[in-house]
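What follows is a single structure, written as structure tokens, with notes after it.
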Amino acid sequence: MQLSIIGYDPSGAWMRQAGTMEELLGYRSSGGITWINVNGLKDCGEALSRLSETYGVHPLTLEDILNTEHRPKVEEFDDYIFITFKLIKANSERRIEIEQVSIILTKDTVITFQESHGPFFEPIRRRILGNVGRIRKMGSDYLAYAIMDSVIDGYFVALDDIGTKIEDFEDRAILDNDASFIPDLQDMKQLLLKIRRIVWPLRENLSSLQRMETPLVNENLDPFLKDLYDNVLQAAETVETYRELLSGVLEVNMSAVSNRMNSVMKVLTIISTIFIPITFIVGVYGMNFSNMPELDYPYAYYVTWGVMFVIVIGMIVYFKRKKWI
Amino acid sequence: MQLSIIGYDPSGAWMRQAGTMEELLGYRSSGGITWINVNGLKDCGEALSRLSETYGVHPLTLEDILNTEHRPKVEEFDDYIFITFKLIKANSERRIEIEQVSIILTKDTVITFQESHGPFFEPIRRRILGNVGRIRKMGSDYLAYAIMDSVIDGYFVALDDIGTKIEDFEDRAILDNDASFIPDLQDMKQLLLKIRRIVWPLRENLSSLQRMETPLVNENLDPFLKDLYDNVLQAAETVETYRELLSGVLEVNMSAVSNRMNSVMKVLTIISTIFIPITFIVGVYGMNFSNMPELDYPYAYYVTWGVMFVIVIGMIVYFKRKKWI
Amino acid sequence: MQLSIIGYDPSGAWMRQAGTMEELLGYRSSGGITWINVNGLKDCGEALSRLSETYGVHPLTLEDILNTEHRPKVEEFDDYIFITFKLIKANSERRIEIEQVSIILTKDTVITFQESHGPFFEPIRRRILGNVGRIRKMGSDYLAYAIMDSVIDGYFVALDDIGTKIEDFEDRAILDNDASFIPDLQDMKQLLLKIRRIVWPLRENLSSLQRMETPLVNENLDPFLKDLYDNVLQAAETVETYRELLSGVLEVNMSAVSNRMNSVMKVLTIISTIFIPITFIVGVYGMNFSNMPELDYPYAYYVTWGVMFVIVIGMIVYFKRKKWI
Amino acid sequence: MQLSIIGYDPSGAWMRQAGTMEELLGYRSSGGITWINVNGLKDCGEALSRLSETYGVHPLTLEDILNTEHRPKVEEFDDYIFITFKLIKANSERRIEIEQVSIILTKDTVITFQESHGPFFEPIRRRILGNVGRIRKMGSDYLAYAIMDSVIDGYFVALDDIGTKIEDFEDRAILDNDASFIPDLQDMKQLLLKIRRIVWPLRENLSSLQRMETPLVNENLDPFLKDLYDNVLQAAETVETYRELLSGVLEVNMSAVSNRMNSVMKVLTIISTIFIPITFIVGVYGMNFSNMPELDYPYAYYVTWGVMFVIVIGMIVYFKRKKWI
Amino acid sequence: MQLSIIGYDPSGAWMRQAGTMEELLGYRSSGGITWINVNGLKDCGEALSRLSETYGVHPLTLEDILNTEHRPKVEEFDDYIFITFKLIKANSERRIEIEQVSIILTKDTVITFQESHGPFFEPIRRRILGNVGRIRKMGSDYLAYAIMDSVIDGYFVALDDIGTKIEDFEDRAILDNDASFIPDLQDMKQLLLKIRRIVWPLRENLSSLQRMETPLVNENLDPFLKDLYDNVLQAAETVETYRELLSGVLEVNMSAVSNRMNSVMKVLTIISTIFIPITFIVGVYGMNFSNMPELDYPYAYYVTWGVMFVIVIGMIVYFKRKKWI
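Protein chains in written order, with the numbering used here: chain D, 1 to 325; chain C, 1 to 325; chain H, 1 to 325; chain Y, 1 to 325; chain Z, 1 to 325.
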């Protein structure tokens, strides 16, 4: 568990880190906006209960923060709005990982909870401390918006990556000499299902956040929330598009395999049907009957070759007509 | 049929079991919350009609309690709310079983009906008798919530188990040397359909329970009901995800089988097309015509081997170019 | 056309049959509830127009009664409610048949129309005449409910029968040595589509009947209507479940056939690839070239057997490694 | 372009045809209902603009009348209601053709536009001129209803025809020795998609027509409009049912083909696997090695036959056990 | 970046081009409608911020204009309506390209932004400058409508083109000797998914534009907006129809391939099963056993031919009966 606190108002900003929640809460100053960040949810029971007392957090909210399997939601309480949703990030081996982020938004404080350590919120911290953009001039609601916005921007990075992989799959579906094709495809499908379950509920919940009549969200935040909603909607539509593309890939693969098998079958059939009859003929004259008059005709051998040649030509013509060659 | 009665208020709790409803109803004390539990629905007609008179239960409610095929529902009557839904549990051989649970919630009494005997509600009993958590301080509505919550928690246990089996199926879909694969898959599909018909109607009904304006449900239960609703929604989404994964499994299996058959076909084709022509050649020189000049050429045998070698190499090169090998 | 009339009030009940509507209408007594039943819709134009005059029925209602292809509907008119829906019954050869039933419900009269003769309503008649249950104590609306209820109970009988057949199809899909499998499956699919078109519109219409604010339906009928609605909803969900199961059956069949074909192909491939090369070898030494030194080596025959043995073993090992055997 | 005008009131009716709109409009009489019909939309710009001036038609309405690709719609303007929808008819070679019909409904006039010449409205004309049914007693709204009703009745004729063809396709799917099967199926699919795009928007638009609060539609038309709506709904459901049936046909065909191929493959496999080994054996004893002791054993030939017989029987037993035969 | 400005009122119109926004804004005259067009979005940051100051554009609107991946939307601000949507056009190699168009609509000014240079709006410019139609008599809202209308007309051109290609695909699905078939099909599918994501959101947004109660849109524009909406709806339905047709194409292809493979397999099976047994027979009499009595019977050779003939005829009859030939 790592704890940090940032305080700011239009005229200035400061940041502190602390080992215990007790110490951290001591740093709070009156006036301005306070941002408390909790990194890592192991062994933070003590810290959470301290927070809970200080800010009047409902016990069910604490449960939701600790249950990292919770679906995204926005919930209004008397003194605060509770927002929980997911972070999508690529880990060091470029595999996609999903992590829960929770926000408690009060009138002058934002408390954020991250599942693991990681520098994801660093850019926002820099914007506050360096007074970049409008963030220092706005309220705690804008800070919560900025955090959500940076998380949702991360969705597009992940989705772009997936988009590239899907194009790759489409090529492999047609060529596919790789045994890992189908398992890889299944993994991708499951990943998209997971992301879908992250993005769709967020969409609904952002829509309900927009409609909430709460003093905690200033009305000049409206265009920003609308923009956020548009972004999540776009992410959701992208997920659906990808799912459609992916669901076609296996079908394409089967079709490609069928087509290839068909052409292989044709070659086998043609070779077989050409040689089987003439092989029979040469078998006939390999028989050892004492009385086989043809064997003694002087030109029988050449006639046999001629007959076989005619059969072969006849079959090739037949196959050409049937469009098999 | 097993009957038990629990009474409690913030200051104390007691529990009794009885052989007849008559006896059981005698144990009721005024004040506090009463929980009557009926285990097993066989031969309980007499007991039900006694209950019905005492608490003013509508005849249709009694019918619904006894009809164990009823879909989950929440229904408001003048003096009580009737809730019927399903329990999912693994039996002793780890097979999933579904059972009906019904709740009648009045102002100060909760009556529960279970289809069979089983210790499913034991933890709640212990919480009441041992005064764990807030349960003794809350009303009958919270007791009903606690019962529903423990049943819905059981859904996730069952779904986790199914999730593991689906991953197993995905592996079998690709390897599948097991003849039981398809029937097992069908069984799983049917089980998911069954669970779906349990979870989706419950979702709707919980949502209507939240909106009911009834004096029987205290408004401080709202966050708990919302939490319950979120859990059922998550279960419902999990079921849908599993159904999607499962519906892909057969497709994957067919694709894997097609791919494997394609590679088997290739080997057959290649072996056949290589050997068929040269087997024809050796057949030719096995003929017994008296006049076959080649037979007497001293190097004819070696030339034949050479020709066959050239044909084989030629075909291998051709197949390599066609990317069949 | 068969006509019958039943009159009842809490204190008594009587029943008469008649050849003409004229005669039948003469039997009506004032007070109590009257139930007129018309069995068979051929040649009943005259009777209908007499009824129409007596009870003020709209011409479009008469058209709907006679058009037996009409989709289920509930329609409110000034003086009556018109309900038309379908009866599902098994005929004498256990084949499922669908028939239209129409109900005209006025304040004190229920008029029912059945497409053919049949004892379907006999149990209700017995309940009235024998004063079983609450039917004699309730109004005409309860009679209409009782009729609808008995028809909808018939849906479950038909659906249970279909459920058994679907399980049968699932077994046949995997084994299928029966040429009638696919046509039977198609018939079942069409039957389910038909039933669906009976059940879904009824669901909507029952829901609108519940919401109707009409003096013709007493409010103490509400729980009964809700129960009816629940039953139709359950039938509708069962139909959807069956459709899903059935739509998977053909896929399962194709998958089973593919799998079987794959294993057959493997045997063919293995036998062929093992014997084709060694058959070539024996062909080589069947050639009649005068100069084939191997033929005269004393142990050549045994060496040839050895070589062939090595080839066969080599290929079996190769196939084992490739997991084809 | 053909122009005709009909005038009627309860006491009488007359009809005239004219070469120009100028002439036609001259025939109008005051009082009663007027029906102007325009057959053929080529070169009717002049006529339309005359109509437009006379009845105050919006320019966009004129555009919609001339754009024969327009989707069905009902639009309310200040002085009139504009309805445009499609006629489905079988042409002389029994192929289905789709044509646009537009209606302008004012208080006392109905103007209809048909894409081509054709006697489609003849029965309505006869009902007016012959005073059949209630048409002469009703207003212009009833005339518009009668026209729509006759068009929608035509949908059922077309759908019945399609239903018969689909049953035909289902039989062909299982037998299919006809190369035109798949292209015919595709044509049918496209036709259903076209009809769907005709019927569904009409359904919505009729529903909005029912809800319109306009003095142009008398409230005693309500049951007729509801009936019309029911018919369109039934047509729409029939289209969906047909689409489902059709979408299964190709699957059935593939399944039937797979099954047949499987049984063909089995025969090939059995014949091959039985003869390949014994053909190898006879090849062995066709070799010409000088030292092959078996060749000289007197009963070797009979022993060889015995061995081959045992092999064949062994394999047949094996196949029987594997249920391949 | 190319800048142009057009001013007009019912009595006259003028047009100017400029290198900088500064210069362009200088050309504005009071009175009448002004249309500012910005072609090309590279390096136009400076110009946008000048516009933003002059017309009070929200920073998020500027971001949306520059983000060319934005989904179509209509957004109302205090002083203007912001509309962003997509242009579909065929480039010089007849490939379809998608480009973003944004419109800012104020009371007397329309500002348009195009992603690249191109003469797409030329016809509208000519209508203004040449005073064609009603455009000079209407307000800025009609100009915005005219621009949207011309863009949406372009959708139909693109969709017609796609429709032709789909028909082409359906033919190729059945014949398909072209290896590019499946990749081409995938490209088309992706293009349709792209267009869908352009058309559907536009539909919703036009619907919300119709419902907006804003002084910026005059109510006499209502029929035009409704018409626009109808067109987009038609485009959306066309896209869905095309998607359905396309999704069937691969299935048709697989079915066609299966059918063809089936008939190829049959030929192979028939040839093989006819020749394999008789080839075995000739093999038998090619054996070199010293004691093979048949070899010396004078008519054995002819009898052998006879037996083989009977076998062949027998098998042909068998196949005919099984309907394999």
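C-beta atoms are modelled at their ideal positions from N, C-alpha and C, and glycine is treated no differently.
The residues Ile152, Val199, Leu202, Arg203, Leu206, in chain order, have a CB closer than 7 Å to that of Val232 of chain Y in the same chain once the five nearest residues on each side in sequence are set aside.
When the Cα atoms are used, Lys320 of chain Y and Lys189 of chain C turn out to be separated by approximately 33 Å. In the displayed model, Arg16 of chain Y falls within a strand according to three-state DSSP.
Beta-bridge pairing by DSSP links Ala90 of chain D to D:Ile96. When the alpha-carbon of Glu213 of chain C is set against those of C:Leu159, C:Gly26, C:Leu41, C:Ile81, the nearest one is in C:Ile81. Taken in chain order, the whole beta strand (DSSP E) runs of length 3 or more contained in the segment 129 to 153 of chain H number zero. For Asn291 of chain Z, the nearest beta carbon of chain Y is closer than 8 Å to its own beta carbon.
The Cβ of Met287 of chain Y sits closer than 8 Å to at least one Cβ of chain H. By the CB criterion at 8 Å, Ser255 of chain D and Met265 of chain Z fall outside the cutoff. Among the CB atoms of chain H, none fall inside 8 Å of the CB of Thr241 of chain C. Shown here is that no member of the segment 131 to 146 of chain D has a Cβ falling below 7 Å from a Cβ of chain Z. For Leu225 of chain Z, the nearest beta carbon of chain Y is not closer than 8 Å to its own beta carbon.
Under the 8 Å Cβ criterion, the segment 51 to 65 of chain D counts as touching the segment 93 to 106 of chain D, having at least three qualifying pairs. The C-alpha of Ser247 of chain H is placed about 19 Å away from the C-alpha of Val239 of chain C. For Trp14 of chain Z, the number of other beta carbons within 10 angstroms of its own is below 16, and it is reported as exposed. Residues of the segment 256 to 268 of chain H with a Cβ closer than 8 Å to any Cβ of chain C, in chain order: Ala256, Ser258, Asn259, Met261, Asn262, Met265, Lys266, Leu268.
DSSP links Glu76 of chain Z through a beta bridge to Z:Ile81.
For Ile162 of chain C, the closest of C:Gly32, C:Asp187, C:Ile124, C:Pro72 by C-alpha to C-alpha distance is C:Asp187. When only Cα atoms are considered, Ile166 of chain D and Glu237 of chain D end up about 16 Å apart. Using a Cβ distance threshold of 8 Å, Arg71 of chain Z and Thr241 of chain D do not count as a contacting pair.
Exclusion of the five residues before and after Asp168 of chain H leaves no residue of its chain whose Cβ lies closer than 6 Å to its Cβ. Neighbourhood of Gln234 of chain Y in chain H, by CB distance below 7 Å: Arg71, in chain order. Contact note: Ile278 of chain C reaches chain H through Phe280, using a C-beta cutoff of 7 Å and chain order. In the DSSP annotation of this structure, the continuous segment of the alpha helix (DSSP H) that includes Tyr302 of chain C starts and ends at 300 to 321.
Boundaries of the beta strand (DSSP E) around Thr112 of chain D: 109 to 114. With fewer than three CB-CB distances shorter than 8 Å, the segment 301 to 309 of chain C does not count as touching the segment 300 to 309 of chain D.
Residue state for Asp9 of chain D is assigned as strand, using DSSP reduced to three classes. If you draw a 10 Å sphere on the C-beta of Val157 of chain Z, you find fewer than 16 other C-beta atoms in it, and that means exposed. Where Trp324 of chain Z is concerned, there is no enclosing alpha helix (DSSP H), because DSSP gives it neither an H nor an E. A Cβ-Cβ separation of about 5 Å places Phe224 of chain Y in contact with Tyr145 of chain Y under the 8 Å criterion. Take Ile5 of chain Z, set aside five residues on each side of it, and the residues of its chain with a beta-carbon closer than 6 Å to its own are Arg16, Leu24, Tyr27, Ile36, in chain order. Not a single C-beta of chain C is nearer than 8 Å to the C-beta of Gly154 of chain H. By the neighbour-count criterion, in which a residue is buried when 16 or more other Cβ atoms sit within 10 angstroms of its Cβ, Thr112 of chain D is buried. Put simply, the CB of Asp296 of chain C is far from chain D, with every gap to its CB atoms at 8 Å or more. If you draw a straight line from the Cα of Pro59 of chain Z to the Cα of Ser52 of chain Z, it comes to about 8 Å. In the displayed model, Leu41 of chain Z falls within coil according to three-state DSSP, outside both helix and strand.
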